[in-house]
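Start counting the sequence shown at 1368; every next residue gets the next number (the numbering used here). Each residue gets a CB set at the ideal place from its N, CA and C atoms; glycine is no exception. Remarks on the structure that follows.
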Amino acid sequence: MNLKTKVKYLSIYLILNVIGIFLAIKYWWTDSLILSSLNKFTIILLFSVGICWMGILFFALFITRLLIVKIENPQFISPLDLINNNYYTSEIGMNKAKKLKKSLIFIGFPMLFLTIFLFRFSIGIYENRELKINGVIESIVVKKINKDIKKNRYVFIEYEDGKCSVNFRSDYLKLNDTIKIIYSNRNPDIVKIFDQYKENK
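Here is the structure:
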């Protein structure tokens, strides 16, 4: 595998993961009631995972070719090439292709779970930092209860002088209850029920 092929694998991995993570961040704080059903926001979030997964497969293929399955042919092979059985026999041979395919799964899945874990961990750090530095505590009266298609209850609240709104999943809050929330005045999409925020700190 020559330098050009190595750079191509790494570039595709980085580009796809940057796109996937960008989409995930952009829609991460979408209202939980909206995300409770299949719509464009949930599809975009799922699509962002799919894009990252495809990038990870390219990186796993790069690692596999570099360390596990030596292929004499220096040409670029994409994960999609391994779906085609004709490619097995004509280019790299059936045995090597099967070993390559298994290695992709064993390397790819742990990398996907690690990527998701690191993403959520980083988001958690960012949210806590925002709420600690730029957090605003506000008392809100629950004026509306919404339900999703499964009849789960969500309390609808407006905050930041009515500029922002959100639905919180809740089975115990009722109309006219007063709750405290905390949100970031720099990124108002970051909002939590204050009591739950304190418990999880």
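Which listed residue (the options) has its alpha carbon closest to that of residue i
i: L1471; options: V1509, V1508, N1495, G1422; result: G1422
i: I1392; options: F1486, G1529, L1540; result: F1486
i: I1490; options: K1407, W1396, E1525; result: W1396
i: L1449; options: L1467, L1433, R1432; result: L1467
Residue i versus residue j: straight-line alpha-carbon distance, rounded
i: I1411; j: K1465; result: 32 Å
i: N1519; j: D1562; result: 21 Å
i: I1401; j: K1511; result: 16 Å
i: L1381; j: K1437; result: 23 Å
i: S1404; j: N1462; result: 44 Å
i: E1527; j: I1474; result: 46 Å
i: D1544; j: I1386; result: 41 Å
i: I1435; j: F1426; result: 13 Å
DSSP three-state assignment for residue i, whether helix, strand or coil
i: V1436; result: coil
i: F1443; result: coil
i: T1545; result: strand
i: Y1322; result: This structure does not reach residue 1322, given that the chain is present from 1368 up to 1568, and the question cannot be answered.
i: K1518; result: coil
i: G1502; result: strand
Cβ-based neighbour list, residue i, same chain, cut-off 7 Å, excluding 5 preceding and 5 following
i: N1398; result: Before going on, a small fix: residue 1398 reads as Asp here, not Asn. V1533, N1534, listed in sequence order.
i: P1477; result: none
Contact set for residue i: own chain, Cβ-Cβ below 6 Å, skip 5 residues either direction
i: N1384; result: C1419, G1422
Burial state of residue i, where buried means 16 or more other Cβ atoms lie within 10 Å
i: S1415; result: buried
i: E1566; result: exposed
i: F1484; result: exposed
i: S1378; result: exposed
Spatial neighbours of residue i in its chain, beta-carbon cut-off 8 Å, leaving aside the 5 residues before and after
i: K1530; result: P1555
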